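Residue numbers (my numbering), protein chains in the order written: chain A, 88 to 319; chain B, 30 to 293; chain C, 2 to 125.
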Amino acid sequence: MTSLLTCRNLTKSFGAKKAIDNISLDIGRGKIVGLLGPNGSGKTTFIKLCNNLLTPTHGELLIGGHRPGVETKKIVSYLPERTYLNDWMKVSQIIDFFKDFYEDFNTEKAYDMLKRFNIDPTDKLKTMSKGTKEKVQLILVMSREAELYLLDEPIGGVDPAARDFILETIISNYNENASIIISTHLISDIEKVLDEVVFIKDGQIVLSKTVDEIRDESGKSVDALFREVFKC
Amino acid sequence: MLNKLFKYEIKATARIFIPLYITLIIFSIINKIFNTLPVVYGININKLTGYIRLFIYFGLIVGILVITFVVQIQRFYKSLLCDEGYLMFTLPVKPWQHILSKLFTSMIWIVISLLSTVLSFLIIMPNEGFWELMEVIPQGISEVLRIFGSGTFLVAFESIIVFILCMATGTLMIYAAIALGHLVKKHKLLASFGMYLGLNTGAQSIMIIFMIVAGSFYLKDFSNLSIYTQMQTILLSSLAYFSIIAVGLFILTKYILDNKLNLE
Amino acid sequence: MPWDLKPDRPIYPQLIEAIELKICSGVYPPGSKLKSVRDLAQEAAVNPNTMQRALAKLEEDGLIYTHRTSGRFVTEDANMVKQLRNKIAKEEINQLFQKMKILGFEKKEILDLISIMLEESDNK
């Protein structure tokens, strides 16, 4: 059983600063992993490295046995923090776009989720509020039957009802072959959904355990432990 | 994948260009109608509105040419190096395919912009001028055939290739400048502009070197050669020049997008 | 019955307790069919792997069994359920006793207080 994501001695420097400092990590299939750390800890840099949006300075990163590139992009579904939708398309057009480029895109699922969120497919992306655009993005990402989902702050700017729906979607999308990495600050909302948790600080991994291990060993929730570890 | 990118690129840009072309052609037709209006009740509408119409007409032409240029920049910068880049660069597509799809699309619009400009001229020009032109063109063609003989088609073909490469080089220079500007932390647009000037200067320096080298082969005998050979010399060296510059700019841009990408 | 999961205790044992409670209280009657792991996980808003492990443990204990094609079912052994019910009740009562002891209650005091409160709750 090979792990889905492996990195060994992974380092990414920007000039003199090491945003990712000698990280080694193994993530198996069928896991929901939380990547937790304060702003600037390297979470987003790590995710960008996984997506080939940045190239490593040193070390190795493999997803499904391949270095990040065209082959991994086919099996990785990425939700960035920012809205990346273009402004001239309608919702139905961006769905067609995803269907065109990604073999694993499930159009039915996408339209289903749009309906549940009350989003009209004939609406123009340009006219939508930021919150609605974020929902559309989430729908596009979760409608792919990918092997690795990378969600960067998926529940950040969303209202509580939508937040619950997002967590439900994450759970219902679960399959033993795929894994999800969620990078977030809002730990208490999602910790019950996570298998494992990785704390990252200044580009280094400071902790990598299962949620229950943490709760058992420390007698605290992951959220509480996080606040302790990352006290200012 | 390249086809798909190309398709979407055309879709994204057609929404801007098609209305412009239609406006230009319609306005040309309107202009033509105005030009041939009779004087009614002593009011010469033709003369009265003449300056305004001329102004609008040239405004449209200049507008189309400017927009064709600006859209090239916008499609590369906004679509790849701003927020939308997160979408584009996570598609299972290699960066060079992005470059080519945008390049081909730009070139197509440049050609269509030029053609529509020519078409609008033909529509607007007074009827006598039009028929004169229709006579002159075949005369010009037979003259060219006389000069170049059987080599005419080769020369014509090479000229077209040179024209295409020249367009490609222009667009690739914009892309390379933007990509180079992306490497800088602050004032990226300003840096891109500076890079563009730098690249332009570099390309021109290379051109001068080319001319010196090519010239030194034929310098003494150039005027003694047949016109055909002279033309071939110029065309082939232009071909070589633009190919080298275009490929160099492409490789530079590709390298930056492959290895130095850093979206904010 | 909502899934009441406390944040400072491991989730896995809490899931086991919650399901045991649902079985003993009749929310999942003996012989009834359980929802799929995914549906249960969604309901409880927990990780499906953790839910799966909890169900596996309960199966090991005999409270749940899997029918290969039809899914998971609660045991039909009413006696086993009754025993579990008693076990849970005893644990609760033990906890009560410990607290009362700390407060300094005697055995008779405890009994009297319980009787009074039971009567009061009858009258409501």
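In this text, a Cβ means the ideal position worked out from N, Cα and C, and glycines have one as well. This structure is a prediction, so every number in the text was calculated from the model and none was measured.
Under 7 Å between the Cβ atoms of residue i and residue j?
i                 : j                 : result
ASP239 of chain A : GLU195 of chain A : no
GLY290 of chain A : ASP108 of chain A : yes
GLN101 of chain B : SER135 of chain B : yes
LYS215 of chain B : ILE152 of chain B : no
MET117 of chain B : LEU109 of chain B : yes
ILE70 of chain A  : PHE313 of chain A : Residue 70 of chain A falls outside the range modelled here, since chain A spans only 88 to 319, and no answer is possible.
VAL285 of chain A : ILE277 of chain A : no
PRO11 of chain C  : ASP303 of chain A : yes
GLN126 of chain B : LEU34 of chain B  : yes
SER179 of chain A : TYR236 of chain A : no
PRO3 of chain C   : VAL82 of chain C  : no
LYS161 of chain A : PRO121 of chain B : yes
ILE176 of chain B : ALA232 of chain B : no
LEU166 of chain A : LEU97 of chain A  : no
ALA55 of chain C  : LEU16 of chain C  : yes
ILE139 of chain B : MET224 of chain B : no
ARG231 of chain A : ASP199 of chain A : no
Below 8 Å on the Cβ atoms is my guess for residue i versus residue j; work out the distance and round it to an integer in Å.
i                 : j                 : result
THR159 of chain A : GLY151 of chain A : 6 Å
PHE133 of chain A : LEU123 of chain A : In fact, because the Cβ distance is near 12 Å, the residues do not count as touching under 8 Å.
ILE226 of chain A : ALA248 of chain A : Not a contact, Cβ separation roughly 15 Å.
LEU264 of chain B : VAL191 of chain B : 6 Å
GLY156 of chain A : ASN139 of chain A : 6 Å
PHE105 of chain B : ILE203 of chain B : 7 Å
ASP113 of chain A : SER90 of chain A  : 5 Å
LEU281 of chain B : GLY114 of chain B : No, LEU281 of chain B and GLY114 of chain B are not in contact; Cβ-Cβ is about 18 Å, not under 8 Å.
GLU60 of chain C  : THR67 of chain C  : 6 Å
ILE45 of chain B  : ILE96 of chain B  : 7 Å
ARG82 of chain B  : PHE63 of chain B  : 6 Å
ILE206 of chain A : VAL228 of chain A : No, ILE206 of chain A and VAL228 of chain A are not in contact; Cβ-Cβ is about 15 Å, not under 8 Å.
CYS1 of chain C   : ILE89 of chain C  : A question about residue 1 of chain C goes unanswered here, because the residues of chain C that appear run from 2 up to 125.
PHE56 of chain B  : ILE85 of chain B  : 7 Å
PHE74 of chain C  : LEU35 of chain C  : 7 Å
Can you name the residues that DSSP bridges to residue i?
i                 : result
TYR66 of chain C  : C:PHE74
ILE292 of chain A : A:ILE287
MET153 of chain A : For the sequence presented, residue 153 of chain A should be read as His rather than Met. HIS153 of chain A pairs with A:ILE150.
THR271 of chain A : A:LEU123
PHE192 of chain A : A:ARG231
LEU112 of chain A : A:CYS94
LYS211 of chain A : A:LYS177
LYS217 of chain A : LYS217 of chain A pairs with nothing; no bridge assigned.
ASP246 of chain A : Paired residue(s): none; ASP246 of chain A is not in a bridge.
Less than 7 Å between CB atoms is the rule here; does residue i satisfy it with respect to chain A?
i                 : result
ASN288 of chain B : yes
ALA43 of chain B  : no
GLU15 of chain B  : Limits of chain B in this structure are 30 at one end and 293 at the other, which puts residue 15 of chain B out of reach.
TYR284 of chain B : no
VAL276 of chain B : no
LEU292 of chain B : yes
TYR295 of chain B : This structure gives no information on residue 295 of chain B, because the portion of chain B shown stretches from 30 to 293.
GLU113 of chain B : yes
LEU116 of chain B : yes
PRO3 of chain C   : no
ARG10 of chain C  : yes
CYS19 of chain C  : The displayed chain sequence assigns Ala, not Cys, to residue 19 of chain C. Cβ-Cβ to chain A under 7 Å: no for ALA19 of chain C.
Got a sec: is the Cβ-Cβ distance from residue i to anything in chain B below 7 Å?
i                 : result
ASN138 of chain A : yes
VAL157 of chain A : yes
GLY102 of chain A : no
ILE182 of chain A : no
ASP187 of chain A : yes
Examine chain C for any beta-carbon lying closer than 7 Å to the beta-carbon of residue i, and answer yes or no.
i                 : result
SER308 of chain A : yes
ARG314 of chain A : no
MET88 of chain A  : Residue confidence is low: MET88 of chain A scores 49 on pLDDT, short of 50, so the model does not pin down where it sits. Its coordinate-derived value is still stated next. False, the Cβ-Cβ gap to chain C never drops below 7 Å.
VAL163 of chain A : no
VAL352 of chain A : Residue 352 of chain A lies beyond the residue range present for chain A, which begins at 88 and ends at 319; the question has no answer from this structure.
ASP299 of chain A : yes
ILE206 of chain A : no
ARG302 of chain A : yes
SER259 of chain A : yes
ILE277 of chain A : no
GLU234 of chain A : no
GLU255 of chain A : yes
Please give me, in chain order, every unbroken run of the alpha helix (DSSP H) with length at least 4 that falls completely inside the segment 155-229 of chain B. 156-177 and 181-211
List, from N- to C-terminal side, the alpha helix (DSSP H) runs of 4 residues or more that fit wholly inside the segment 65-145 of chain B. 74-110 and 114-117
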